[in-house]
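Below is one structure, written out as structure tokens, with a few remarks after it.
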């Protein structure tokens, strides 16, 4: 199995380089307005266009109605944690950001633009991000190292009047929550009672812990584990965490009510759910640890490309439901299920922000979308195209209820808007490539 | 219920653990505060010596249900050139993470003030790493102000 994977990986690698050489970039700007002759520019550009500028000058919110701001998202990165390859810098991050921009557009009809930033520290990042805000209706932070990503997200969410999202945190956390919601429905357990081990304390799992709390899970039943072991308030490095990663420090104080310490395997005993975003190596989670879990255990082994335990091994050890990050096993936990719909929704509502309440609604929307849930089908798949307008309408409506929306509509209205935008965008693809 | 009292011999191991936690915290602020290893015996000897020396030191612990959750170690200093003639200088000050934000630091400082006043000592000072913003805010809130700076250079 490993050999076959590595061959396939090799094939994908070669193909990606070949395509990048051929096309030299994956996205471009295209006109939205028909141009019949050069005379049209008296209206599209000077002198006529000054009248539009005057209108926006008089009422700044009109920028959402008279320009492309409403549908434009900046994909911001400093290139400090690009996919699995690490700190490769903003230039090397561009191919990834272009791919993300394409996904944004293809799945969500969003006009996403890669903005890799050449910045040395948090303050420079914040300054740059704030400075480029006029054209954008939302920001997506991407591939930024932890704990910097927590600081940047928190700071920008507090100070910007558009939604700021960090997909590696919030997108992943939302799809994990959706998968857990359906898993609990299948094994008939309550969110208030379940004991959850979060194995790995990077961007996704830290965000998941806060999101699960917002969704009504009892954080005192959580145990978080990082590379140094079980996180608890008397651990020797706890004060260093307080200074360097206050988000993880707060988790140390608020979770693990029973004060489980020592060997990682202690955390697994009696646990109902494992959410693992840890080392990409199939023996990271031992079969014995899964065996020590509660009945009907749920194992999310999300490391890519290799899960922390193979699904067969987890099931053999008693796991009822297993999810991974891979498309070649059932139950792929993939943040591409989340961000196109979430962004379509906040953009259509011209939202001033996004928060955990909106994310919880999105997760339930994604979970409810799967009508025929089973142990091998807890989340939608990439080909479920009508998932995105569905999530968009739920998100947009929740935005209205949270008093963040600049544009008010019903859920049905938002659904119509979103599916119209996404399907007319799909038609453009068909025309462009003569389908 | 957290109780503040003078340190006793039985507290030595807990106090040492918290002293080492404090020193590791300090090491986060500056390389010159890097904690040396293998010095437990010297710390114990030092603590044993100063516990009994109540003329020159006031050492307090915060105790919750037989568990030491905070420490304060201070020296009484004679000020040859200045008035007032005596000050009590806080050298070590630490509260366990779970007990922060519960006014235990304030209780330790207030207890120190009360004991010092009985000895007719009216001035309190405290030392900590320059970059420790949490300490700066804490002391400012307690009515302290910055007095002396210490500069360092390691050749």
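Protein chains in written order, with the working numbering: chain S, 11 to 445; chain Z, 2 to 156. Here a beta-carbon is modelled for each residue, glycine too, at the ideal position from N, C-alpha and C. Everything numeric in this text was worked out from a predicted model, so none of it was measured.
Distance between residue j and residue i (C-alpha atoms, nearest Å)
i, j, result
"residue 11 of chain S", "residue 319 of chain S", "Bear in mind that a pLDDT of 47 at residue 11 of chain S, under 50, signals an unreliable position, so the number given afterwards is only what the model happens to contain. Taking the straight line joining both Cα atoms gives about 13 Å."
"residue 200 of chain S", "residue 81 of chain S", "39 Å"
"residue 155 of chain Z", "residue 129 of chain Z", "19 Å"
"residue 444 of chain S", "residue 218 of chain S", "42 Å"
"residue 376 of chain S", "residue 415 of chain S", "21 Å"
"residue 98 of chain S", "residue 360 of chain S", "34 Å"
"residue 301 of chain S", "residue 157 of chain S", "33 Å"
"residue 330 of chain S", "residue 188 of chain S", "17 Å"
"residue 46 of chain Z", "residue 165 of chain S", "47 Å"
"residue 285 of chain S", "residue 124 of chain Z", "54 Å"
"residue 29 of chain Z", "residue 236 of chain S", "20 Å"
"residue 128 of chain S", "residue 90 of chain S", "11 Å"
"residue 191 of chain S", "residue 404 of chain S", "17 Å"
"residue 109 of chain Z", "residue 193 of chain S", "49 Å"
"residue 162 of chain S", "residue 399 of chain S", "29 Å"
"residue 394 of chain S", "residue 184 of chain S", "17 Å"
"residue 135 of chain Z", "residue 148 of chain S", "34 Å"
"residue 328 of chain S", "residue 402 of chain S", "37 Å"
"residue 16 of chain S", "residue 255 of chain S", "35 Å"
"residue 145 of chain S", "residue 48 of chain S", "26 Å"
"residue 12 of chain Z", "residue 178 of chain S", "46 Å"
"residue 39 of chain Z", "residue 28 of chain S", "58 Å"
"residue 186 of chain S", "residue 51 of chain Z", "55 Å"
"residue 57 of chain Z", "residue 77 of chain Z", "5 Å"
"residue 264 of chain S", "residue 143 of chain S", "35 Å"
"residue 103 of chain Z", "residue 268 of chain S", "21 Å"
"residue 420 of chain S", "residue 408 of chain S", "10 Å"
"residue 293 of chain S", "residue 210 of chain S", "15 Å"
"residue 9 of chain Z", "residue 16 of chain Z", "10 Å"
"residue 305 of chain S", "residue 386 of chain S", "18 Å"
"residue 442 of chain S", "residue 151 of chain S", "29 Å"
"residue 113 of chain S", "residue 346 of chain S", "8 Å"
"residue 95 of chain Z", "residue 84 of chain Z", "29 Å"
"residue 299 of chain S", "residue 325 of chain S", "12 Å"
"residue 141 of chain Z", "residue 362 of chain S", "37 Å"
"residue 90 of chain Z", "residue 88 of chain S", "46 Å"
Nearest-angstrom Cβ-Cβ length linking residue i and residue j, presumed shorter than 8 Å
i, j, result
"residue 290 of chain S", "residue 262 of chain S", "The pair is not a contact, with the Cβ atoms about 25 Å apart (cut-off 8 Å)."
"residue 44 of chain Z", "residue 20 of chain Z", "6 Å"
"residue 432 of chain S", "residue 389 of chain S", "That belief does not hold up - the Cβ atoms of residue 432 of chain S and residue 389 of chain S are roughly 20 Å apart, past 8 Å."
"residue 33 of chain Z", "residue 153 of chain Z", "5 Å"
"residue 424 of chain S", "residue 358 of chain S", "6 Å"
"residue 112 of chain Z", "residue 5 of chain Z", "4 Å"
"residue 35 of chain S", "residue 108 of chain S", "6 Å"
"residue 197 of chain S", "residue 308 of chain S", "7 Å"
Beta bridge counterpart(s) of residue i as assigned by DSSP
i, result
"residue 68 of chain Z", "Z:65"
"residue 2 of chain S", "Residue 2 of chain S is absent from the model: chain S starts at 11 and stops at 445."
"residue 334 of chain S", "S:311, S:342"
"residue 151 of chain S", "S:86, S:176"
"residue 126 of chain Z", "Z:90"
"residue 95 of chain Z", "Z:72"
"residue 232 of chain S", "S:206"
"residue 79 of chain Z", "Z:87"
"residue 370 of chain S", "Residue 370 of chain S is not bridged to any residue."
"residue 7 of chain Z", "Z:61"
"residue 446 of chain S", "Coverage of chain S is limited to positions 11 through 445, which leaves residue 446 of chain S absent and any answer about it impossible."
"residue 329 of chain S", "S:307"
"residue 66 of chain S", "Answer is none; residue 66 of chain S lacks a bridge partner."
"residue 384 of chain S", "S:387"
Partner residues on chain S for residue i, Cβ-Cβ distance less than 8 Å
i, result
"residue 98 of chain Z", "243, 244, 248, 249, 252, 259, 262, 263"
"residue 25 of chain Z", "246, 247, 249, 250"
"residue 29 of chain Z", "249, 250, 253, 254"
Amino acids of chain S, ordered along the chain, whose beta-carbon sits closer than 7 Å to that of residue i
i, result
"residue 114 of chain Z", "Near residue 114 of chain Z there are no residues of chain S at all, since even the closest Cβ is about 26 Å away, more than 7 Å."
Under 9 Å by beta carbon: chain S residues contacting residue i
i, result
"residue 92 of chain Z", "The contacting residues do not exist; residue 92 of chain Z stays about 18 Å from chain S at best."
"residue 6 of chain Z", "Those within 9 Å of residue 6 of chain Z in chain S number zero; the least Cβ separation is about 22 Å."
"residue 55 of chain Z", "Ordered by position in chain S, no residue passes the 9 Å Cβ test against residue 55 of chain Z, which lies about 30 Å from the chain."
Any 3 or more C-beta pairs closer than 8 Å across the region 369-377 of chain S and the region 224-244 of chain S: Three or more beta-carbon pairs separated by less than 8 Å link the region 369-377 of chain S to the region 224-244 of chain S, which places the two stretches in contact.
Three CB pairs or more closer than 8 Å across the region 202-218 of chain S and the region 231-246 of chain S: The region 202-218 of chain S, when compared against the region 231-246 of chain S, does touch it at the 8 Å Cβ threshold.
Stretch pair the region 70-86 of chain S + the region 348-364 of chain S: three plus CB contacts closer than 8 Å: With the cut-off at 8 Å, the region 70-86 of chain S and the region 348-364 of chain S touch.
Segment contact flag, the region 114-121 of chain S with the region 168-187 of chain S, C-beta cutoff 8 Å, min 3 pairs: Touching, no.
Meets three-Cβ-pair contact criterion under 8 Å: the region 241-257 of chain S and the region 272-279 of chain S: As far as the Cβ criterion goes, the region 241-257 of chain S does not touch the region 272-279 of chain S, which means the pair count is below three.
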